[in-house]
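Residue numbers (the numbering used here), protein chains in the order written: chain A, 1141 to 1256; chain B, 11 to 125.
Written out as structure tokens, the structure reads:
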């Protein structure tokens, strides 16, 4: 069974500061990894994903994440926070194949607050 | 980019009635769609996997007779909440997987309130 842990349900940063949202996963084999963002009363928007290849993945809105197999982590970063980044962020994993292919397991979510 | 729509965006119904929620992939074909449920301040929980032309696969603990799923075409899946009760009030979100890929796109969600 897979699981995802996001450390910190709330993260607060100042505008222009580094954003770091942590995600660790548990899986018998390296899964596909995703970060999604959710604005209030909206669905989820894909920020980035890792499937194979380069472990540093760049996404939309200046976000990037690095897959570290040894640490089973996929932390999300952004060098300089904008007010518009305030939202809830979800880390998710899915199996690479088998009957559960495509099924996403989500972390608990991290609400990012950006202060002026 | 790929767009997934949901209709309605919100619905209020009386206890005991049934509500149908539609999920459409507007510009791509999706042989597989997923239905999630999200309670306030919580994460998304997968309810079921909807496959075009076959029966849906439900996650453990999800009542298939209560949450009826029909995937009638490559662009449309519906979720019907039957005999709704207040505890069914939630935010229901669908996603559609682009055929032949591992990428899912999410709909904007439907907020169901059962009085």
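The C-beta atom is built at its ideal place from N, Cα and C for all residues, glycine as well.
- Using a Cβ-Cβ cut-off of 9 Å, residue 1244 of chain A is close to 44, 46, 54, 56, 105 and 114 of chain B, given in chain order.
- Residue 1229 of chain A is positioned such that its CB atom lies no closer than 8 Å to that of residue 1244 of chain A.
- Under the 8 Å criterion on CB atoms, residue 1207 of chain A is classed as non-interfacial with respect to chain B.
- Only those residues of the region 1181–1200 of chain A whose C-beta falls short of 8 Å from the nearest C-beta of chain B are listed: 1181, 1182, 1183, 1184, 1185, 1186, 1189 and 1191.
- When C-beta distances to chain A are compared with 9 Å, the residues of the region 56–74 of chain B below that value are 56, 59, 67 and 69, in chain order.
- When A:1168, A:1164 and A:1155 are compared, the shortest CA-CA separation from residue 1237 of chain A is found for A:1168.
- Listed by position along chain A, the residues whose Cβ is nearer than 9 Å to that of residue 118 of chain B are 1181, 1182 and 1183.
- Around the beta carbon of residue 63 of chain B, fewer than 16 other beta carbons lie within 10 angstroms, which makes this residue exposed.
- Using beta-carbon distances, residue 1172 of chain A counts as an interface residue toward chain B, with a partner under 8 Å.
- Taking the CA atoms as reference points, residue 119 of chain B sits about 14 Å from residue 57 of chain B.
- When secondary structure is reduced to three states using DSSP, residue 80 of chain B falls in the strand class.
- Within a 10 Å sphere around the beta-carbon of residue 1250 of chain A sit 16 or more other beta-carbons, which makes this residue buried.
- Within 9 Å of the CB of residue 1230 of chain A, the CB atoms of chain B belong to 53 and 54, in sequence order along the chain.
- Below the 9 Å Cβ cutoff, chain B contributes 52 and 53 as neighbours of residue 1248 of chain A, in chain order.
- Among the residues facing chain B, residue 1234 of chain A is included, as its CB has a counterpart in that chain under 8 Å away.
- In this structure, the straight-line span from the alpha carbon of residue 76 of chain B to that of residue 1179 of chain A is close to 29 Å.
- If you look at residue 1217 of chain A, you'll find it in the beta strand (DSSP E) that goes 1213–1218.
- Where residue 99 of chain B is concerned, there is no enclosing beta strand (DSSP E), because DSSP gives it neither an H nor an E.
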